[in-house]
């Protein structure tokens with residue numbers, strides 16, 4: 043088992059985790075901002091979720107190509 047292969051698989055798992063986390067962040071951010079009544083959460087949560095989604099997809103694309111090769 044090569045260490046670089048293991049790290050690439052780990053990065054793939056991290057990418058999937060970031061994509062799922064970004065989706066959950068939107069749902070929980072909207073629901074908690076409605077419950078608490080704080081508009082700042084409504085602004086911050088989608089921004090963080092978008093960053094996390096973009097980074098997760100970038101990780102998946104980069105390491106997915108390397109694993110296929």
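Numbering (my numbering), first residue to last: 43 to 111. Heads up, the beta-carbon is just placed ideally off N, CA and C, and yes, glycines get one too.
Is the CB-CB distance between residue i and residue j below 8 Å?
{"i": "residue 91", "j": "residue 72", "result": "no"}
{"i": "residue 99", "j": "residue 61", "result": "yes"}
{"i": "residue 102", "j": "residue 58", "result": "yes"}
Counting C-beta neighbours from all protein chains within 10 Å, is the total for residue i 16 or more, i.e. buried, or is it exposed?
{"i": "residue 35", "result": "Given a span of 43 to 111 for the chain in the structure shown, any question on residue 35 remains unanswerable."}
{"i": "residue 106", "result": "exposed"}
{"i": "residue 84", "result": "exposed"}
{"i": "residue 45", "result": "exposed"}
(request) Only counting runs of 4 or more residues, tell me where the alpha helix (DSSP H) segments fall wholly within the region 45-100, in order along the chain. (result) 45-78
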